[in-house]
Every structure is written in structure tokens, then in C-alpha cells.
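Contents: one structure, followed by commentary.
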Amino acid sequence: MKRYTRPAAAMLLTVIAALVIGACGSSSSSSSSSSAGASSGSSSSSAAKGGTVNFLYGTAPQSLDPGDDYTTQGAEITWVTYTGLTTYAHANGTAGTKLIPGLATALPTISDGGKTYTATLRKGLVFSNGKPVTASDFTYAVERAIKIPWGGSGQFITPVIAGGTAYSTGKAKTISGITANNATGKIVIHLTAPYGPFDNVMAFPAMGLVPAGTPLKNEPNSPPPGVGPFKVTNIVPNVSFDAVPNPYWAKMNIPGIPAAKVTVDAKISSNVSSNALSVLNGSADVFDWADTIPGSLLPQIQSKAQGRYKLVDLGGSTYYIFFNVKSKPFSSQLAREAVVSALNEEAMNRLGAGTLAPACYFLPPDVPGHPTAPCPYGTPGLGNLAKGKALLKQSGMAGQPVTVWSETRAPRQQWMTYYTQLLNQLGFKATQKVIADATYFATTGELKLHPQTGFEDWNQDFPNPVDFYGVLLDGHAILPTNNLNDGEVNDPYLNAQITKLGATPTTQLSSVASKWQALDEYVAKKAYVAPFGYEKFPEFASSRMNFGSLLFNPVYGWDWTSFSLK
Amino acid sequence: MATTSDSGTEFSADLSAGFTDAGQDLPPGTGPWALAWRRMRRNKVALFFGGLFLLIVVLCLLAPVYASDVAHTTPGFGNITGTIKEGGKSVDIVSPTGIPTGPSWQTHYLLGADANGRDTAVRLLYGGRNSLEIGVLATVITMVLSMILGVVAGYFRGLTDGIISRGLDVIWAFPALLLGITLGTVIAVGGIGPLKGNNLFVPAVIIGIVYIPYVAKPARGQVLQLREREYIDAARQQGLSHLRIMFSEILPNLASTIIVFIPLILANAILLEAGLSYLGVGVQPPNPSWGNMISDGLTTFPEAFHNVLVPGIMLVLTVMSINIFGDGLRDALDPRAKVRISH
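Protein chains in written order, with this note's numbering: chain A, 27 to 592; chain B, 4 to 346.
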């Protein structure tokens, strides 16, 4: 670190002023709260036993209502407050991607050539408010996710379940494809066509059961009761909430899903530097895995937080740049190739404080179908600017105006700033459009805006390539709102392959892995997207936490049921 | 400058009063502007800071010269994976963990690099250009629109005054920063007409609008007093049109107010621009401004604190110099006035 050796009164004044301006970015409150347990009614005794863990989010969940939320931040909590008929094993690594029965007695049976899923609800289930759970609550939860609508409903529910579209458009009063018998607990779901990962879909928190009669609208400040190890209380919108142990959970005795050991006091503070320092000095306990620790703090964290900090490669997450292939200049494959060839992944890695593994393929390493072939436009590294310029000249798209869409949070904005510079170096006329984090994906998901290019990332909803392709690059997944196929990629061959391969049941995924590989290589050659890294995520907790017993699920990140204090 | 003897009397009467208040003799045959300049020359502190501001302006205007002939780069060029020589050693411009190099005191990366491997000194000067351009443009917009609105409202009174004043109240009711953020966000996403988020004109227009009531309201108050003066009645009796009266009789008597307000608005406009850019709704990256440079610098703070410190120092020096010079100007033009902008 450089030292400045000219102390003067004016300098001091300006330093103070600059730091005060800088400090304005902090909205954090690192003070710990112990009131959560006491204020949570019947859960106070269990909270008092385990204590309170102070959790810091750098980015707020979209909603605490599972019928609306479709963010990694939200799923961390809704996973353990709204259990579905199926869920994932509470385990580290790939063991954590294993589907286990949740509120169903067993994994669903599949019949009718993959078009019918049958499950039976466990007996004696109650919601976190004590009300008994019935099989028809499942139907209601699905209907609610369609009506709100949940961000993934357009891909995973509405067109997939028979009668989903009719219900969505108001032509039917209920979903005809689901029958639920409250007496026996039997639930039968008919699909419009075979959809291999539907048992994974049933594990989404959005498919977690909520009481019938819950308003058919997003209720972020008073989310409905659910069935899970935690329940949410004391919500201060965009500021904080408490996750307290569900007092009814232990009695239900559901194997494989542990009870909560602590109360989690979750606070939202956009200043991730401050969050990291709070965890480092012990005034908070857990740093959210979806945030990036600033590189400037890494040296001191690595030296002072040994044994409670590590980077984890989940292998299920891709960071990429989308190109709108419907309009100039990225309707030209050569223009897209120019960008992919020139992209300096090492620069992106440095901007990400060294947390990116190099990438050129869309599917991340731990998702079946990740190619092993060499990258089509050169090994990811320093990029080839000269080649990029030549390709762009060949494409005839030099001088075209480009707007790069970006989030505000670091390092995503810095990545897109670099990308904008690169486009200008190549010969485009690029400018940057920075959108607040909270509204970025909703904004780029507005189809009418037709964003040209920008930042996008995807963390697996479930370990199946169709979760990437079916949502992000399938022409059928282009939606007027909540659109995740930002590039409006609509390649008939790609669409047909996604539909065909996507019908393969999860249990038989290995039989089509080579076909997914070939498809991923096809997409890389077409340069429909420009992957620039597979993110490694921080596991970082205070010295109060039992770090060794913490679980990090590859789908949902921190497993809050594993939180415990020394 | 006043164009009629009446209005000239009005202006010099004010200045004379201030001069006499100061306990000094009124030199015979000396015009009001000469008196003001005489008072200004005696205020060495104001002149020093006026000179400092001028120096900052000149430096910022020379940004392209510095970038091309000294630093040999551009404000948008980043070399994240490159190296520079420091003391015979090769140093990463940005380290593998994302920390940019500090000041090198060489022509390349004189004040260090930012997280994107860009030359901080070059961006500082270009950022200053942008901040000053926006400040000046916003000040022009504010002064022109607020004078039109203030004079029209004060001169016509009645319904016209009611409509304009309530409109100004609506703008005034919002905190300036909040209004700026709201407008900036709306324009950043979809734009309004020809205004798009990445145009420097956008923050200038936003800031220009935000400050209109701060000038228009006092101007209206002054016009309400002026329109009752005898020379205005005389002008009416002579059959001069409303427009002529406003331009040739009233506006010249607002000259000292306008001049006093200019530095105040300029300083506040630069500060508000920095605030909006810091929050991401002012100057859009990769265009530099001191505000977004401070915001960017926080991502590598405290290891590379120069990226917060350097634009912060420039911002403080600029605003401080304008304010002190503006105070001196106010004292010189109208020693009795107590013009302040608070929000």
C-alpha cells in the first residue's frame, strides 16, 4: 500500500470529506440483535437455546414469498421455510444435489411415458401456524405460483403441467392436470409432454405447500405459513427479517431434513465491504455466499480468518454476456465471434478478485453435459484483440452503436465497464447502461426493451442441463416479462434438441450427457453467449460459528439448518 | 448593465448603500461595477480561490493534451492484465486479486490506476471536464429558466404567479437529491424523448431543473418589489409592452442577484452531479466524473485508497474555491445581501 507523506490542513480536510463521501455508500448496520428470539412468540425457547446468528445479505431477496421469489438470495431462506414434495439432501458437494422426498412419503412415481407424476403426502403435516396440511394445498401453491406469477412459472410450470396455460389465461378456474385427494394424500400431476426434471421442479420453494386461500398475490412483508425447519418473522422490508425455528417441525419427523438450531437475524446491507469487515471482526456471523468479497479485503481476511473462510467452486454457475441475436450488430455471428475471441477472461478474473474459473462453455463443469473439447475460439485467457478486430471488420458491423446493460454491484459493473471498453477497442460505439441491482433482471427481462448485450449469470436450479438451456436459450422460453432468454435466441435446431433431450428423466441423464455436450459445443461455435467464468463462492463466517459443521448446498448455497454457534 | 437612468439609479443606490455601510467614502463619478471590482480586489482570499478555480478549469480543459501527449492513453482505455515499470521492477497494473497500482509519480499512471486498469490522472481530468461541463450547463439552465419564471410570475402576479409558484413549490417539496435520483433513474432505464441515460446532457438537465425554485423564488420576490417602482409605472405610461418592460427595466435590476447566484448554483450543481454519479444516476460509466470515480474507488478501498482520495480532493477544492469566490463576489456586488442555498 502506498503512503502519502504531505500532511497539511487542507489535505486533511479534503481527506476527511472524501472519506465521508465514501462512507455514504454504507447502509449497513452491523450491530447484532438478540431480540429476534424473544419476539418470535412460541419459538423463543428454541431460539434462546441455540442463540442468534447475524446474517448479512449484500443484495436483498426479491421476495420472502415463495410464490414470487426467483433469486438465489430468496431461495436460501425459502428452501428451508417452504418444503416441496421433493427436496435436496442437506449435504455438501454433489451429494447435496441428490433429490430426497420432502413432504411426500417417497420420490414420485413416473408413468404414462414420463407424462404422469404421482406422490403421496406424509401424514400429520402442519403449517408453521399449526394448521393441518392437505393434499389440495399443493394444487393451490401451484396455482398461486402461476397467478402471481413466480419468475420460473413460464418455463417450469405453466406450459409443463396440463391445464396450466388455461388456468394462467383465466380460461379455467383450476389446473385440470393436478388431482389431489385430501383423504388419502395422493397427488397426481399430468404433464403436457414428458419433462425429465419435473421431480426437480417439485423441489422448488415456489412449489412448497401454502394454505389454500392464501391471497393470490405476492406477499413479501407477510409471507404465508409454510412447512419447513424455519419460519420468517419480524420483516422490515429491504432492511431485515428473522428466521426462527418452526416449533412444529421436529414433531413431523421428516427424515433427511434437520431442524433449525438457531434463530437467524438477516440484515440487508448493500455495502459488501462493510459486511465482510463485520464478519471478520465478529459483529456479524455469516457473509452471504452470493456476494463477492472485495479483493481489497481478501489479504486481511485470508490472514485473520483462517479456518473460517474459503472459496468454494460449486460447479453449477456460469457468468456470461448475452447477445441479442435478433438485431444488429449481434445478429451477425462474426460480430459475436469477434467479442468472444477478444474477451480477456484473465482481466475479468482480476476484476472479480480472482474468484472466476476460466470458461468458454455455457454449461458449468458439474452439470452433466459440460464439454471436454477445446474451446472453439481459443483457450480462455488474455483474449486476442487483433483477431477480434479482424472478425468485426469482416462482419461489417464496425461502428455500430451498442448499449451494454449492467448491474451496479461490484464486480458486475466493473465487468461490464471492461466489456464496454473492449467493444470500443474492437470498433463498436459502446455505452453502458447501469441499472440498480434490485430491478436489473426485471428490467432486462422486459422483452419490449430488447436489451442488446449485457451481464447475465445463472446458478443451477437443479443439476440438469435443461435448467440452463430450457430457460436461457430456448426460443419457447422467450416471454414478454421475466424473460431470461435476454438474447432472444430462437434457433430451431437448438429448440428441438432442448425439447428432445429435456424429456429424459433425471435418473437417466447420463445416457444423454454426450448429446448435451454436443449441443453445448454447437452453442459455443455459434457464439450465442460469451461465458467468461465459473464463479467460486465465499464461505465466510465469524469465529462464533461452528464453521466445520456448516453445510454449503450446491443448489441453494448456505444451508441455514446447519448454522450453530460454538 | 442598466439601460435607463432610472434603473441605473436603482442599482447604484443599492451599491452605494453597501459602500456607505462599510464606512467608506463614495468616490465621485465611480460606477457601480467599478465599485464592486474595487471591493473585490481588496478581498485577497476570494481572488486566490477564484484563481484556484480558474487553474482547475484550465487543467481540466487540457485533459486531452495530457492524455495524448503525457500519459499516452485515453480515459476509457484499461489495461487490466498489463504491467508498468516502477523502480526497475515490473508491477501489475491490477493485481491478480483485483487491486490497482497506486501513484507511480511517472507520466504513465501518475496517480495510479483504477480497478479497470485505467489511468486515474487522465480520468481525473476528464472527470473534471465532465463535472464542470455539467455544472456550467446546469447553471445556465437553472438561471435562464428561473429568471424567465421568476420575472413572469412576479410581473404578472395573479393566476400566472399562482400556477408558476405552485409548480415551483412542487419541485421544492422534493429534496434535491431525491428528485435527481428519481429523474435520473427514469431516464437511465428508458429515457425521456431525446434524453437518454448515457448523454452528459441528462444529468445537466436534471440538475438544472432541480435548482430552478432556489433562484426563481427569490427572483420573483424581487420582481414583486420592482414592479411597484415609479420608473416601471412610467414605462407603462409610455406604452412599452410587457415584454419590453421585463427585459429592459426589470431584468437589468436583477443583474446583481443573477451574478451572485451563479457561483452558488454552480458549486451546488457540481456537488449534486457528484452525488448523482456516485449513486449511479448521473454520469454513466465508462464516462468519468468525480462522483462515479469515488464510487468505483470504493470497490478497492482501502487497499487502493487513492481512487477515493484523489477525486474527493478535487471535488472539495473545486467546490470550496467556487463558494469562497462566490462569497467574495456577493460581498463586492451587494454587501447587504445574505444569499444562501440550503436544501
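Even glycine gets a Cβ: it sits at the ideal position worked out from N, Cα and C.
Bear in mind the structure is a predicted one, so any value in this text is a computation, not a measurement.
query, result
"Since A66 (chain B) contacts L128 (chain B) with CB under 8 angstroms, what's their CB separation in whole angstroms?", "4 angstroms"
"For W441 (chain A) and P288 (chain B), I'd like the C-alpha separation in whole angstroms.", "12 angstroms"
"Chain A partners of P289 (chain B), CB-CB under 7 angstroms?", "T443, T446, Q447 and Q458"
"So, with DSSP's three-state summary, where would you put D571 (chain A)?", "Here residue 571 (chain A) turns out to be Met, not Asp, going by the sequence shown. M571 (chain A): strand per DSSP, three-state reduction."
"Is the distance from the Cβ of V152 (chain A) to the Cβ of Y274 (chain A) below 7 angstroms?", "yes"
"Quick check on this structure: which residue in B:A70, B:I273 and B:W108 has the alpha carbon closest to the alpha carbon of G79 (chain B)?", "B:A70"
"Please report whether the beta-carbon of G81 (chain B) lies at a distance below 7 angstroms from any beta-carbon of chain A.", "yes"
"Round the Cβ separation of S107 (chain B) and I87 (chain B) to the nearest angstrom and send it over; I've been treating them as touching at under 8 angstroms.", "6 angstroms"
"Give every residue of the same chain whose Cβ lies closer than 7 angstroms to the Cβ of V322 (chain B), excluding the five residues on either side of it in the sequence, and list them in chain order.", "A270, I273 and L274"
"Check this for me: beta carbons of S154 (chain A) and N272 (chain A), under 7 angstroms apart or not?", "yes"
"Which runs of the beta strand (DSSP E) spanning at least 3 residues fall entirely within the segment 339-371 of chain A, listed in chain order?", "343-349"
"If I'm right that L135 (chain B) touches V60 (chain B) with Cβ under 8 angstroms, what's the distance once you round it to whole angstroms?", "6 angstroms"
"Once DSSP output is grouped into helix, strand and coil, what is the label at G559 (chain A)?", "strand"
"Express the C-alpha separation of V290 (chain A) and S65 (chain A) in angstroms, rounding to a whole number.", "Summary for S65 (chain A): the model assigns pLDDT 36, below 50, so the residue's position carries little reliability, and this model does not support an answer."
"Look at G414 (chain A) and A364 (chain A) and say whether their C-beta atoms are less than 7 angstroms apart.", "yes"
"Using a cut-off of 7 angstroms between C-beta atoms, extract the partners of V97 (chain B) located in chain D.", "Any reference to chain D falls outside this structure, whose protein chains are A and B."
"So which of A:G211, A:T210 and A:D225 has the shortest CA-CA distance to L217 (chain A)?", "A:D225"
"When you compare the CB positions of I265 (chain B) and T145 (chain B), do they come within less than 7 angstroms of one another, or not?", "no"
"Contact defined as beta carbons within less than 8 angstroms: I believe N20 (chain A) pairs with I294 (chain A). What is the distance between those atoms, to the nearest angstrom?", "Any answer about residue 20 (chain A) is impossible in this case: the structure gives chain A only from 27 up to 592."
"Let me see if you follow: with CB-CB separation under 7 angstroms, is L452 (chain A) close to chain B or not?", "no"
"Please classify Y519 (chain A) as buried or exposed, where buried requires at least 16 other C-beta atoms within 10 Å of its C-beta.", "exposed"
"Any beta carbon from chain B within less than 7 angstroms of G404 (chain A)'s own beta carbon?", "no"
"Report the CB separation of F328 (chain B) from F159 (chain B) in whole angstroms; it is logged as a contact under 8 angstroms.", "Wrong, their Cβ atoms sit about 35 angstroms apart, outside the cutoff."
"What are the boundary residues of the beta strand (DSSP E) that includes V319 (chain B)?", "Where V319 (chain B) is concerned, there is no enclosing beta strand (DSSP E), although the alpha helix (DSSP H) it sits in stretches over H309 to L336."
"Can the beta-carbon of L337 (chain A) be found closer than 7 angstroms to that of F494 (chain A)?", "no"
"Which stretch, first to last residue, makes up the beta strand (DSSP E) that contains I87 (chain B)?", "T86 to E89"
"Going along the chain, which residues of the segment 351-374 of chain A sit with their C-beta nearer than 7 angstroms to a C-beta in chain B?", "N370, E372 and A373"
"Starting from I213 (chain A) and walking both ways along the alpha helix (DSSP H), at which residues does that stretch end?", "No alpha helix (DSSP H) contains I213 (chain A), which is instead part of the beta strand (DSSP E) from K212 to H216."
"For chain B, is any of its Cβ atoms less than 7 angstroms away from the one on L408 (chain A)?", "yes"
"In three-state terms, what does DSSP make of D95 (chain A)?", "coil"
"Is the Cβ-Cβ distance between T429 (chain A) and T457 (chain A) less than 7 angstroms?", "yes"
"If we count Cβ pairs, one from each stretch, closer than 8 angstroms, do we get three or more for the segment 537-548 of chain A versus the segment 318-328 of chain A?", "no"
"Can you pull the chain B neighbours of A436 (chain A), defined as C-beta to C-beta under 7 angstroms?", "T302"
"In chain order, which beta strand (DSSP E) runs of at least 3 residues are fully inside the segment 414-489 of chain A?", "427-433, 455-461 and 479-485"
"From A:L340, A:Q451, A:F454 and A:D163, pick the residue whose C-alpha is nearest to that of G239 (chain A); which is it?", "A:D163"
"Hey, how far is the Cα of A232 (chain A) from the Cα of G395 (chain A)?", "27 angstroms"
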